Amino acid sequence: MKPRREWDWFDHPHNLRRLRIGFYVVLVLLVLPDLFIHKHTLFSSVEGWPGFYALFGFIACVAIILISKLLGYWLKRPEDYYDR
Amino acid sequence: MTASLHPALIFFLGAALVALLPLVARKTVILAVPLLGFFLVLGLDPGVFWHYTLFGHDLALLRVDKLSKAFGFIFTINAFACFLYALHLKSRGEHIAALAYIGASLGAVFSADLISLYLFWEVMAITSTFLVLARRTERAYGAAYRYVLMHIFGGLLLLAGILLHAYTTGSVAFTGFTEQTPGTWLMLLGFLVNAAAPPFSAWLSDAYPEATVTGGVIMTAYTTKTAVYTLLRGFPGWEILMVVGCAMAVYGIIYAILENDMRRILAYSIINQVGFMVCGAGIGTAMAISGVVAHAFCHIIYKALLWMSAGAVLYMTGKSKCTDLGGLYKTMPLTMIFGTIGALAISSFPGFSGYTSKPMIIEAGVHEGLYWVWMVLEVASAGVFLHAGIKFPYFVFFAKDNGLRPGEPPRHMLAAMAIMAFLCIFLGLYPQPLYAILPYTVDFHAYTFEHTLNQLQLLMFSALAFFLLLPLLKRTETISLDTDWFYRKAGGQVYRGCAWVFDGLNAWANRVFAQELPRQLTRFFTEPGGNLQRYGVRLWAEYSGTDLSQSRLEEQIERRSRLATYPVGGGVLLAVLLITLLTLVLLL
Chain R
9 MKPRREWDWF DHPHNLRRLR IGFYVVLVLL VLPDLFIHKH TLFSSVEGWP
59 GFYALFGFIA CVAIILISKL LGYWLKRPED YYDR
Chain Y
208 MTASLHPALI FFLGAALVAL LPLVARKTVI LAVPLLGFFL VLGLDPGVFW
258 HYTLFGHDLA LLRVDKLSKA FGFIFTINAF ACFLYALHLK SRGEHIAALA
308 YIGASLGAVF SADLISLYLF WEVMAITSTF LVLARRTERA YGAAYRYVLM
358 HIFGGLLLLA GILLHAYTTG SVAFTGFTEQ TPGTWLMLLG FLVNAAAPPF
408 SAWLSDAYPE ATVTGGVIMT AYTTKTAVYT LLRGFPGWEI LMVVGCAMAV
458 YGIIYAILEN DMRRILAYSI INQVGFMVCG AGIGTAMAIS GVVAHAFCHI
508 IYKALLWMSA GAVLYMTGKS KCTDLGGLYK TMPLTMIFGT IGALAISSFP
558 GFSGYTSKPM IIEAGVHEGL YWVWMVLEVA SAGVFLHAGI KFPYFVFFAK
608 DNGLRPGEPP RHMLAAMAIM AFLCIFLGLY PQPLYAILPY TVDFHAYTFE
658 HTLNQLQLLM FSALAFFLLL PLLKRTETIS LDTDWFYRKA GGQVYRGCAW
708 VFDGLNAWAN RVFAQELPRQ LTRFFTEPGG NLQRYGVRLW AEYSGTDLSQ
758 SRLEEQIERR SRLATYPVGG GVLLAVLLIT LLTLVLLL
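So, in structure tokens, the structure goes:
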């Protein structure tokens with residue numbers, strides 16, 4: 009009996025390319041409605057700008073990653089640190 | 208009336224039965240107990256029952272209101288799924304510990320007074336330690352030891368607080384505290400230790416990942432959420448909790464991003480999620496409290512689901528480091544799907560349970576005009592998607608294929624995950640049953656077009672940041688220093704420092720007083736007379752600046768001492784001098 013072929017959809021570069029293009033399309037589609045609707049704001053008028061939350065999420069995550077990376081230089085230790 | 212039966216009692220009885228019954232019956236008991244517990248909670252009428260008197264105080268074990276009931280529901284639902292997940296275990300010990308631990312959590316939640324609460328609090332600490340010990344590895348033993356010491360410390364803070372509070376107010380009722388006294392502050396600290404608030408948080412990320420596959424799943428729900436309950440009950444609206452909560456939310460994210468062990472990533476994300484709840488308790492309005500209860504409810508479900516999927520991976524591969532895992536979607540597709548559902552729920556992705564609960568806390572903050580709380584919690588929301596929403600599934604199930612080809616876990620594990628995954632989606636799409644059991648009715652609608660759009664933008668662009676900065680997130684085989692460094696490493700260094708100082712002092716004293724001094728004295732007293740004369744001669748030579756006659760005199764002294772040929776007159780003179788001296792001393 010032939011062994012069942014493994015499911016390896018995510019290992020093919022052309023599939024990943026499709027996924028990536030789909031992802032970018034979704035990103036654009038998410039920001040587009042902002043241009044047409046009037047947004048409510050909570051604290052300042054900046055929140056009403058088109059794509060505010062997109063930008064907020066992106067900048068927040070970049071900041072988190074960079075800060076973590078920097079802290080990592082200080083906090084990271086080899087795995088056997090406590091066993092030594 | 209079912210109010211006569213206490214839900215915690217069922218769990219304690221179950222623990223006793225598991226100790227006695229054979230395997231098949233044990234399996235029935237562990238599934239029947241949570242079900243029975245759930246229906247008991249369902250049938251509870253509001254009021255206070257099970258009164259007793261201790262130390263002259265009127266106490267009660269069963270206080271039923273909407274707040275305690277909501278926690279009762281989720282504790283029993285989660286218990287059912289967890290025991291279904293742990294159905295394969297043949298050993299009695301873990302089940303006994305787990306049942307007693309869950310029973311004690313229910314007991315703590317339903318306690319009407321501080322003394323009952325404290326008793327259950329300590330039982331929780333002890334029973335849960337066995338879930339770590341059951342892993343039977345050196346690391347687990349160490350982690351369990353530190354875990355129980357930390358909880359004893361927290362328990363003592365709580366006890367001290369209760370005693371001070373009872374002494375000053377004469378009351379041990381567990382209600383909302385408004386006075387800021389040493390007593391209430393100590394209690395708050397005791398609760399915060401269990402809520403894993405920094406700097407008392409390292410016990411969680413230290414011990415949970417070292418627990419057994421099933422023990423880890425069970426532990427995630429009860430200790431921290433009981434603490435959240437006590438904060439909601441005792442300290443709603445204490446502003447300090449907003450600060451603590453925000454700090455926890457950010458702290459959890461940063462450590463989760465640095466971490467390599469998948470279960471430790473999830474442990475840090477518990478701290479992050481409990482941060483949202485602690486912050487909500489600090490806001491303390493009706494909406495915030497309802498939001499916290501809703502979020503605790505959903506959180507217990509998706510967090511258990513995440514730990515179940517991570518546990519399944521650990522169970523099947525024996526590995527838990529991201530650097531060892533990857534590419535598992537090929538042979539564990541169901542586990543991957545369930546894990547991803549949990550990941551989306553924790554990220555409060557629209558359509559999943561986190562989305563119908565967490566925004567309620569944030570909105571409660573907005574209603575109070577708390578700008579910085581809103582800001583921090585939104586940043587933290589984006590960060591959750593980063594570390595738990597994408598990082599966990601990506602590095603475990605996708606990313607680099609490390610050649611592991613495990614199969615799916617046993618069916619009962621998949622079934623438990625399916626139940627939790629279903630609940631995540633169900634509560635995400637139809638949260639009304641959950642909203643109905645919240646302490647306060649709230650007017651909250653998650654699914655407005657604008658809010659959903661904002662949330663999707665926030666999350667998807669966080670994902671963009673993740674994939675663009677992926678090279679920076681490369682996993683390394685490292686651990687990260689946390690506050691446990693102070694008692695794991697600094698403690699040792701202080702010990703070694705003390706050892707160096709005091710051992711050094713000891714060695715010096717030994718050299719001087721036990722060796723050198725006796726040797727000198729011995730040498731002197733072998734020839735006391737000769738030595739004294741020689742000393743005098745040397746002194747004289749130094750004083751007069753000439754040493755011509757010194758060696759000759761010393762030689763003479765040497766010879767006389769050796770042969771003991773001092774002139775008789777000299778000896779007599781010395782004796783007379785001595786007697787005169789003694790007489791003078793005696794007369795004076």
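In the order they appear, the protein sequences are chains R and Y. One rule links them: number in my numbering = place in the first sequence (from 1) + 8. One rule links them: number in my numbering = place in the second sequence (from 1) + 207. Don't be surprised by glycine CBs; every beta carbon is placed ideally from N, CA and C. Here the structure is a predicted model, which is why all the values come from computation and not from measurement.
Counting only runs of 3+ residues fully inside the region 13-81 of chain R, write out the beta strand (DSSP E) ranges in chain order.
none
*Quick one: residues in its chain with C-beta nearer than 6 angstroms to the C-beta of S555 (chain Y), no 5 flanking neighbours on either side, listed in chain order?*
G561, Y562 and K565
- Cβ-based contacts, 8 angstroms cut-off: residues of the region 256-288 of chain Y near chain R: none
**Message:** Is there a C-beta anywhere in chain R that falls below 8 angstroms from the one on S687 (chain Y)?
**Reply:** S687 (chain Y) belongs to the set of residues whose beta carbon lies under 8 angstroms from a beta carbon in chain R.
So what does DSSP say about F256 (chain Y), is it helix, strand or coil?
strand
**Asked** Whose Cβ in chain Y lies nearer than 7 angstroms to the Cβ of W15 (chain R)?
**Response** K537 and P540
Check your understanding: Name the chain R residues that come within less than 9 angstroms of E585 (chain Y), Cβ to Cβ?
Key -> Y61, F64, G65 and A68
Next item on the list: Note down the Cα distance separating I508 (chain Y) from V701 (chain Y), rounded to an integer number of angstroms.
Entry: 42 angstroms
Margin query: Taking 7 angstroms as the limit between beta carbons, can you name the residues of its chain near D42 (chain R), skipping five residues before and five after?
Written below: P58 and G59
Discussion item. I'd like to know if L621 (chain Y) contacts chain R, where contact means its C-beta is closer than 8 angstroms to some C-beta of that chain.
Written reply: no
Which value, in whole angstroms, describes the spacing of the CA atoms of L274 (chain Y) and F381 (chain Y)? 13 angstroms
**Study point:** Chain-ordered neighbours of R695 (chain Y) on chain R, where CB pairs are closer than 8 angstroms
**Key:** Per Cβ cutoff of 8 angstroms: Y90.
Which residues in chain Y have a C-beta closer than 9 angstroms to the C-beta of H22 (chain R)? List them in chain order. Simply none; closest approach about 16 angstroms.
- Could you spell out the range, first to last residue, of the alpha helix (DSSP H) harbouring A501 (chain Y)? A493 to T524
Inset, instruction - Kindly indicate the opening and closing residues of the alpha helix (DSSP H) around D413 (chain Y). - result: A409 to A414
* To do: Please look up how many angstroms separate the CB atoms of L512 (chain Y) and G558 (chain Y), rounded, as I've assumed it's under 8 angstroms.
  => Actually they are not in contact, since the Cβ atoms of L512 (chain Y) and G558 (chain Y) sit about 15 angstroms apart, beyond 8 angstroms.
I'd like the span of the alpha helix (DSSP H) that includes R233 (chain Y), first residue to last. L230 to G250
_Can you list, in chain order, the residues of its chain with a C-beta nearer than 7 angstroms to that of L438 (chain Y)? Leave out the 5 residues immediately preceding and following it._
F398, A402, L448, V485 and A488
Under 8 angstroms between beta-carbons, which chain R residues line up against I464 (chain Y)? List them in chain order, please. In chain order: I72, I73 and S76.
Who are P86 (chain R)'s beta bridge partners in DSSP? Its beta-bridge partners are Y:T685.
| said: Can you confirm whether R25 (chain R), when its beta carbon is compared against all beta carbons of chain Y, has any partner nearer than 8 angstroms? | reply: Output row for R25 (chain R): interface = no.
Next item on the list: For the region 313-352 of chain Y, list the alpha helix (DSSP H) runs that are entirely contained and at least 4 residues long, ordered along the chain.
Entry: For the region 313-352 of chain Y, whole alpha helix (DSSP H) runs of length 4 or above, ordered along the chain, are 321-340.
Using a beta-carbon distance cut-off of less than 7 angstroms, what residues from the region 640-670 of chain Y approach chain R? E657, L660, N661, L663, Q664, L665, L666, M667, F668 and S669
>> Between the alpha carbons of G596 (chain Y) and P241 (chain Y), how many angstroms are there, rounded?
In response: 29 angstroms
Proximity test, Cβ basis, 8 angstroms: E329 (chain Y) and chain R
It does not: the Cβ of E329 (chain Y) has no partner Cβ on chain R nearer than 8 angstroms.
Boundaries of the beta strand (DSSP E) in which D608 (chain Y) is found, first to last residue:
For D608 (chain Y), there is no enclosing beta strand (DSSP E), as DSSP marks it with neither H nor E.
Pick out whichever of Y:V355, Y:C505 and Y:F602 has its Cα sitting closest to the Cα of I464 (chain Y). Y:F602
What does DSSP give as the partner residues of V271 (chain Y) in its beta bridges?
In the DSSP output, where bridge partners are listed per residue, V271 (chain Y) has Y:G254.
- [ ] Please name the residue in Y:T421, Y:V248 and Y:T659 whose C-alpha comes closest to that of H619 (chain Y).
- [x] Y:T421
- Query: Three or more C-beta pairs closer than 8 angstroms, one from the region 340-348 of chain Y and one from the region 232-247 of chain Y: is that the case here?
  - Reply: no
- Query: Can at least three beta-carbon pairs, one atom from the region 312-328 of chain Y and one from the region 270-285 of chain Y, be found at a separation below 8 angstroms?
  - Reply: yes
Note to self: What would DSSP say about D468 (chain Y), mapped onto helix, strand or coil?
What the structure shows: strand
Give a yes or no on whether the minimum CB-CB distance between Y578 (chain Y) and chain R is below 8 angstroms. yes
### Query
Within this structure, are the beta carbons of R470 (chain Y) and P416 (chain Y) separated by less than 8 angstroms?
yes
Report task. Could you check the C-alpha separation between T283 (chain Y) and N23 (chain R) for me, to the nearest Å? Result -> C-alpha of T283 (chain Y) to C-alpha of N23 (chain R): approximately 43 angstroms in a straight line.
Chain Y within 8 angstroms of M9 (chain R), Cβ atoms only | The pLDDT assigned to M9 (chain R) is 49, lower than 50, so where the model puts this residue is not dependable, and the model offers no usable value.
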